[in-house]
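Below you'll find the structure, written out as structure tokens, and then a few comments.
2 protein chains.
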Amino acid sequence: MASEELSNKRILLKSYVTGFPSEDDMILTSATVPAKLPPGSTALLLKNLFLSCDPYMRSRMSKPVATSYRASYEPGSVIVGYGVSKVIDSGNPDFKVGDLVWGITGWEEYTVVESPQGLSKIKYTDIPLSYYTGILGMPGLTAYVGFNHICSPKTGETVYVSAASGAVGQLVGQFAKLLGCYVVGSAGSKEKVDLLKNKLGFDDAFNYKEEKDLDAALKRCFPDGIDIYFENVGGKMLDAVLLNMKVYGRIAVCGLISQYNLTQKEGIYNIMAILQKRLRIQGFIEPDHKHLYPEFLETIIGYIREGKVTYVEDIVEGIEKAPLALVGLFTGQNVGKQVVLVAHE
Amino acid sequence: MASEELSNKRILLKSYVTGFPSEDDMILTSATVPAKLPPGSTALLLKNLFLSCDPYMRSRMSKPVATSYRASYEPGSVIVGYGVSKVIDSGNPDFKVGDLVWGITGWEEYTVVESPQGLSKIKYTDIPLSYYTGILGMPGLTAYVGFNHICSPKTGETVYVSAASGAVGQLVGQFAKLLGCYVVGSAGSKEKVDLLKNKLGFDDAFNYKEEKDLDAALKRCFPDGIDIYFENVGGKMLDAVLLNMKVYGRIAVCGLISQYNLTQKEGIYNIMAILQKRLRIQGFIEPDHKHLYPEFLETIIGYIREGKVTYVEDIVEGIEKAPLALVGLFTGQNVGKQVVLVAHE
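Taken in sequence, the protein lines are chains A and B.
Mapping the first sequence onto this note's numbering, position 148 (from 1) lands on 148, and the numbers just tick up by one.
Quick note: to get this note's numbering, add 345 to the position in the second sequence (first position is 1).
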């Protein structure tokens, strides 16, 4: 029995990435993993079902810098990220074979996890398990904390969301609508704009790639200005937004995806607006707010069951497709939350 | 009696200013004002004692733009600003002849104020009256609100103040020291740096004009990073500070004096730090916080009487010198709060 082995396809980082990542920055390898943990092990052996592609992963592909809030991946080592997995062997009394978990796992078919610190048992299984990489996982809590806590929203306020059809943005817009805000989103294709307007309930939406003048686009959508900007992109969009914020406006900085692959970042010129309009700009990351997950989970499960929120996923099948799916985030190939289906339960 | 007139030197704005203001952008004129208000007037006739030169006045010298929070001056009209005045005639039952007031007045020897809304009676006269343009006036409340309310400071935190010997900065540093923070200031001359270190109690200070690399200067002064940045200048300094903020750092944007005279503002490139370090950047202006003035006044009067704070003023004598004093703010000619003594009581 101890000699039985499972074939284990894995995705490794080839070397540190500069500029835009490409599929070639990762390597697909074939390895094996013992089908059982060795006697006395306290680890978990996971069968990975879904892997999550998230923009923050780009920073982990770069050479380590002091300002990173997450460690870089090691070249030659397996990519690590959020996923949904099934416990197929356990040396930990808190987990048993058959348990479904979500959290930090490897980009491979099977992962041995020494410490289950980054894993949570899945409480509700009556919704798609892939949701634990999105609406019920890190992106969901990000949207919840970012909008409800960081943005200090009030009913009737105007809300602008960039990258609005993405894993986080689509939820921010729906949370804002549930509160009675006026919500406009931007995205990078007609398909995504249609999704925002027709499926996700945004009041309005525009394709930023088709707008020559972002300032004019924002003035068209928000003739009286923006109370809340949920920032996912940065760069020229942020600069245009600053010109269109209302007095006492708030900007939650959740992501700056337009800047992640630039070796020389774009300048922001309209800083005077922060003073003139008494803006509050606040950066946040989800790991700082994990303690709110239980509160969030009960809220969002209720919303899902009552049909108050919906969630758009872009699921590719096969771990081989994970590298292309990940790099596609940075050119907007995904429509909705990008997920990789590795195996059926 | 009604025909008696007072000679009234006045400073008018010549025309809207672009770029750095110069003395020539203002005109000194001689006019007269009746020595008594007409019968039935409800106005106040003020004899102006001190006039205040403040950086925000630069924006009022520009052509009006929608984003201004204060109206532009009218070319050909008298400059308006904070000052200390004596009531020499009154048609308002709340003010009597001989009352000392501070607040909004004209840049002239005598001003007729139709509505006393912008004026407050001076409560304490055992300290220099000029202090009501500074430590006891708008700059004082600005420093108090900006540091204690906007920056959310805690004992032991590291605080950096730019334009640190100015009207606001010198108080921010002293408030931070009173709370037990480690405080470093920057200014633009050896004289000012000496003042910060030897008179105003800053832990350290540097002359930004002598630093080739602002990032390196900040790393030298704050090897473990900055918790709080009190922003008075903007531009390259803000960009360097972003690289040196600690996680959860706060930046109160009080002024951006390096940018006021630029037709093309400088870009800020290190925006990623807002996300990576979860920074809070908040703009504020004193008029939004007027309700805190009574609380502030009692606190600061106590500090002054107990010798807990000191205040450095740069007083020029004669209204003729007001234009040069005002434009000198933008090249750092003033050492401490810039005041113009117009007349003795």
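The beta carbon of each residue, even a glycine, is placed where N, CA and C say it ideally should be.
All of these numbers come straight from a predicted model, not from anything done at the bench.
- Contact of A:V253 with chain B is assigned, a C-beta pair being separated by under 7 Å.
- Setting aside the 5 residues that flank it on each side, A:L28 is surrounded in the same chain by K9, I11 and E320, each with a C-beta closer than 7 Å to its C-beta; the list follows chain order.
- With contacts defined by Cβ atoms closer than 7 Å, A:T158 and A:F95 do not form a contacting pair.
- Secondary structure note for A:K197: its alpha helix (DSSP H) is the uninterrupted segment K190 to N198.
- Of all residues in the segment 267-278 of chain A, those with a C-beta nearer than 9 Å to a C-beta of chain B are G267, I268, Y269, N270, I271, M272, A273, I274, L275, Q276, K277 and R278, reading in chain order.
- Within chain A, the residues placing a beta-carbon under 8 Å from that of B:K610 are Y269, N270, I271 and M272, ordered along the chain.
- One finds L275 and R278 in chain A with Cβ atoms closer than 8 Å to the Cβ of B:I630, taken in chain order.
- B:L637 is outside the set of residues whose beta carbon lies under 7 Å from a beta carbon in chain A.
- Chain A places a beta carbon closer than 7 Å to that of B:I626, counting this residue as a contact.
- Annotation for A:Y293: no beta strand (DSSP E) segment contains it, though the alpha helix (DSSP H) segment containing it runs Y293 to R305.
- If you draw a straight line from the Cα of A:T105 to the Cα of A:G81, it is about 6 Å long.
- CA-CA distance, A:E211 to B:N589, rounds to 36 Å.
- In the structure shown, B:M371 adopts extended strand secondary structure according to DSSP, grouped into three states.
- Secondary-structure assignment with DSSP links A:N207 through a beta bridge to A:A187.
- Secondary structure in the segment 114-172 of chain A: the beta strand (DSSP E) runs of 3 residues or longer, each lying completely within the stretch, are 119-121 and 158-161 in chain order.
- The beta carbon of B:Y656 does not come within 7 Å of any beta carbon belonging to chain A, so the residue lies off that interface.
- Within chain B, no residue has its CB atom less than 9 Å from the CB of A:G169, the nearest being about 15 Å off.
- Minimum Cα-Cα distance from A:A252 among the listed residues A:D194, A:L297 and A:Q282 corresponds to A:Q282.
- Under the DSSP assignment, B:K581 falls in the alpha helix (DSSP H) whose first and last residues are K581 to N589.
- Cα atoms of B:G501 and B:P383: separation of roughly 59 Å, rounded to the nearest angstrom.
- Rounded to the nearest angstrom, the gap between the Cα atoms of A:N198 and A:R278 is 35 Å.
- Looking at the backbone, the Cα of B:G570 and that of B:S531 are separated by about 16 Å.
- The three-state secondary structure of B:R623, taken from DSSP, is coil.
- Within chain A, the C-beta atoms nearer than 8 Å to that of B:Q604 come from I271 and M272, in chain order.
- A:I315 is positioned such that its CB atom lies closer than 7 Å to that of A:V339.
- Closest in C-alpha terms to A:G137, from the list A:K236, A:V342, A:A325 and A:Y311, comes A:Y311.
- The beta carbon of A:L256 falls within 7 Å of a beta carbon belonging to chain B, placing the residue at that interface.
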